[in-house]
Structures are given as C-alpha cells and as structure tokens.
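S.K.:
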Amino acid sequence: MSFIDFDSFIQESEQKSIQIKVGGKNYAIPAAPRADLMLKVISLEQRKGKGAELSMQETVDMLEGIFSSETLVEISKKLSFDQLTQLLRLVIEEQSKSMTEQGPVGK
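The opening residue of the sequence shown carries number 1 in UniProt numbering; numbering runs sequentially from there.
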C-alpha cells in the first residue's frame with residue numbers, strides 16, 4: 001500500500017506571504033489563496049463571467065476568506081467599502097500571480 005504524507009510535503013514547501021500596507025500598518029497574508037476561496041472564485045466566474053461585479057455578500061465572503069477576523073475589522077475601519085473591494089481585487093490578482101509562478105506540483 002502506498003502512503004503519501006502530504007503534511008510533510010506542505011511543511012517542506014516554502015510558503016511565502018504577500019505584504020500589504022493599509023492605513024500605515026503592514027499586514028501579511030498568504031501568497032496562495034485557500035482552496036475553498038479559489039473554488040468560490042471559480043464558481044462565481046462560471047456563473048457570472050470573469051470580471052463580473054460581486055454582490056456585497058460575495059465581497060464580504062471573499063474578504064473573510066483572505067483576512068483574519070481581527071485584520072478585517074481593523075482594515076475595514078480605515079477604508080470605504082469601495083476601497084475594500086478594490087483591495088480584494090488587488091489581493092486576488094497578486095495571489096493568482098504567485099500561484100502561476102509556483103508552477104505544477106513537483107516541478
């Protein structure tokens with residue numbers, strides 16, 4: 001029987017972060033998005049088309065998928081909802097870039 005220790009693989013993989021600055025404070029977020037968030041993005045793109053506008057609830061769900069509750073509360077006090085939406089777009093773009101730069105698993 002074969003055995004794959006994926007936990008070990010993840011620990012050995014170099015996990016980088018993306019640094020963002022909001023309201024004079026730096027925040028670190030994962031360079032790669034969580035799988036559940038990417039599945040949600042893919043589902044939304046299939047239903048609405050790429051680049052379609054998100055509803056307020058969809059935007060909030062995405063933000064909660066990227067930022068910790070504490071960080072989201074902090075930055076939401078510093079930005080308008082439109083600015084927060086723009087930040088979400090920039091973060092998703094940056095995370096998407098880092099995913100394509102990593103290449104396929106095992107390469």
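Ideal placement from N, C-alpha and C gives every residue a C-beta, glycine not left out.
1. Would you decide whether Gln19 is buried or exposed? Buried here means 16 or more other CB atoms lie within 10 Å of its CB.
2. When you compare each of Gln86, Phe81 and Ser2 to Gly51 by their alpha carbons, which one comes out closest?
3. Look at Leu54 and Leu44 and say whether their C-beta atoms are less than 8 Å apart.
4. Look up Pro30 in the DSSP assignment and give the residues it is bridged to.
5. With H, G and I counted as helix, E and B as strand and the rest as coil, what does DSSP make of Lys97?
6. Give the list of continuous alpha helix (DSSP H) stretches no shorter than 4 residues that lie fully inside the region 28-87.
7. Taking the alpha-carbon positions, what's the Thr71 to Phe3 distance?
M.R.: Looking at the atomic coordinates:
1. Residue mapping note: residue 19 aligns to position 19 of the sequence shown, counting from 1. Gln19 is exposed by the Cβ-count criterion.
2. Residue 51 sits at position 51 when you count from the first residue of the sequence shown. With distances taken between Cα atoms, Gly51 lies closest to Gln86.
3. Locating residue 54 in the sequence shown gives position 54, where the first residue counts as 1. Locating residue 44 in the sequence shown gives position 44, where the first residue counts as 1. A contact, by the Cβ cut-off of 8 Å.
4. Locating residue 30 in the sequence shown gives position 30, where the first residue counts as 1. According to DSSP, Pro30 bridges with Ser17.
5. By 1-based counting over the sequence shown, the position of residue 97 is 97. Helix.
6. 35-48, 56-66 and 69-76
7. Start at 1 with the first residue of the sequence shown, and residue 71 comes out as number 71. Start at 1 with the first residue of the sequence shown, and residue 3 comes out as number 3. So the alpha carbons of these two residues sit roughly 38 Å apart.
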